[in-house]
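*Asks:* Quick one: this structure, given as structure tokens, is what I'll be asking you about.
Numbering (the working numbering), first residue to last: 228 to 415.
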């Protein structure tokens, strides 16, 4: 299953994959990670491949998407089938799905859903309290100014790798940061 994600359609690049390589390395062997905006499952397949490389087969990963293009849901399900119950798809709007998770109940949340400024900002607002360690996402680029604006308002200096952004939510003492204006970990 290693590198299986490269055969799944989508725009998530090898450079973008560095975020999930880092998350797979840094997350504990048992935790929950959520990806908001799954489409065909390319980036989620990347995360699962990276977790496999790290030997972390007890990490539970939820994929949230409203699948406005209904034909993509079965494609995503098929692409994620090799990981069985380790991946669970939630077919609903992001804000509604966020209510299924307790504050502080998720290790990391990756946002790649609606790229409109207001929607992306709302996703950051509803999902950031759920995450204890990492908040990140895709399409931090001039092509998606709403994403860039929402991320920049939330985090003072996000780590950028390819078109992905990553925020370490922990303070130096290990406690969780709160609110916007977060300082972020340095790129490797």
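Using N, Cα and C, we set each Cβ at its ideal position, and we do this for glycine too.
For residue 370, does the three-state DSSP call read helix, strand or coil?
*Replies:* coil
*Asks:* Quick check: the Cα distance between residue 324 and residue 347, rounded to an integer number of angstroms?
*Replies:* Those two C-alpha atoms are separated by around 15 Å.
*Asks:* Starting from residue 277, follow the alpha helix (DSSP H) in both directions and report where the run begins and ends.
*Replies:* 269 to 280
*Asks:* Can you tell me where the beta strand (DSSP E) holding residue 361 begins and where it ends?
*Replies:* Unbroken beta strand (DSSP E) run through residue 361: 358 to 364.
*Asks:* Buried or exposed: residue 356, going by 16 or more other Cβ atoms within 10 Å of its Cβ?
*Replies:* buried
*Asks:* Sort out for me which residues DSSP pairs residue 318 with in a bridge.
*Replies:* 292
*Asks:* With 16 as the cutoff for other CB atoms within 10 Å, does residue 255 come out buried or exposed?
*Replies:* exposed
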